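Here the structure is laid out as structure tokens; the discussion comes afterwards.
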Amino acid sequence: MAKGRLIEDKPRKRKPSHRAEENKPTENLVKSPAPQKLASEPKFSPMEKSRMRRPHRRQHSKFSLDFGKDFPKKFATGVLVVILLGVLLYFVIQRYNLLRRQRQVYSPIQLPRLVQPNETAPENSPELFWGTYRPGVYFGVSHRSPHSMLFGLAWATLGTLSPQFRHECLQDDGLKR
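Residues 32 to 208 in our numbering are what the sequence shown spells out, letter by letter.
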């Protein structure tokens, strides 16, 4: 038992009030009848009531939350619902994109091709096989094959805290053409 708590058999008597109005007997008040107890309610004496186990307060402050016993079930159900909604939304979006792609119409232009297939192959025209792959750089070439290698030129200015790499053409760099 915690210190400072006493089990009392009798209710405490109140100290007499110092007000004159409260000390006067009230004879003109009508007493209401006592509420009737149900027959199914057990009758306990005051001593038995004091010895009964009562749950301690779970909340120590008004900011703590009491989730209760069924919180894990509710939480798991909520997580499951969110996951199922996410999966459903994913499949709805995939179906929409599939239908949208099927509606797209492919209509090629009925004009002759400018470059025929294998026209730029090295056997047919070696001068068209190599070329620049990116305009605006000083030196950047690649060849026209499925597994093309890229070649380029870049340089850095040293002597600063962070080196600056440069490979793009600038109009005001003063290089001769």
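Glycine included, every Cβ here is placed at the ideal spot set by N, Cα and C. Bear in mind the structure is a predicted one, so any value in this text is a computation, not a measurement.
Along the chain, where does the alpha helix (DSSP H) containing Val110 start, and where does it finish?
102-134
Would you kindly work out how many angstroms separate the C-alpha atoms of Gly99 and Lys105, rounded to a whole number?
10 Å
Please look up how many angstroms separate the CB atoms of His174 and Phe160, rounded, as I've assumed it's under 8 Å.
5 Å
For the alpha helix (DSSP H) holding Ser156, just list the boundary residues, first then last.
Per DSSP, Ser156 belongs to no alpha helix (DSSP H) and is neither H nor E.
Quick one: what does DSSP say Ser173 is sitting in, helix, strand or coil?
Note: Ser173 maps to strand in three-state DSSP.
Closer than 7 Å by C-beta to Ile114: which residues in its own chain qualify, once you throw out the five before and the five after it? Chain order, please.
none
How many angstroms separate the CA atom of Gln141 from the CA atom of Leu119?
43 Å
Just grab the DSSP bridge partners of Thr151 for me.
Beta bridge pairing from DSSP links Thr151 with no other residue.
With DSSP as the reference, please indicate the residues paired to Leu181 in a beta bridge.
Ser173
Suppose you measure from the CA of Gln133 to the CA of Gln125; what does that come to, to the nearest Å?
12 Å
May I ask which residues mark the beginning and end of the beta strand (DSSP E) holding Gly99?
No beta strand (DSSP E) contains Gly99, which DSSP labels as neither H nor E.
To the nearest angstrom, how far is it from the Cα of Pro143 to the Cα of Asn149?
15 Å
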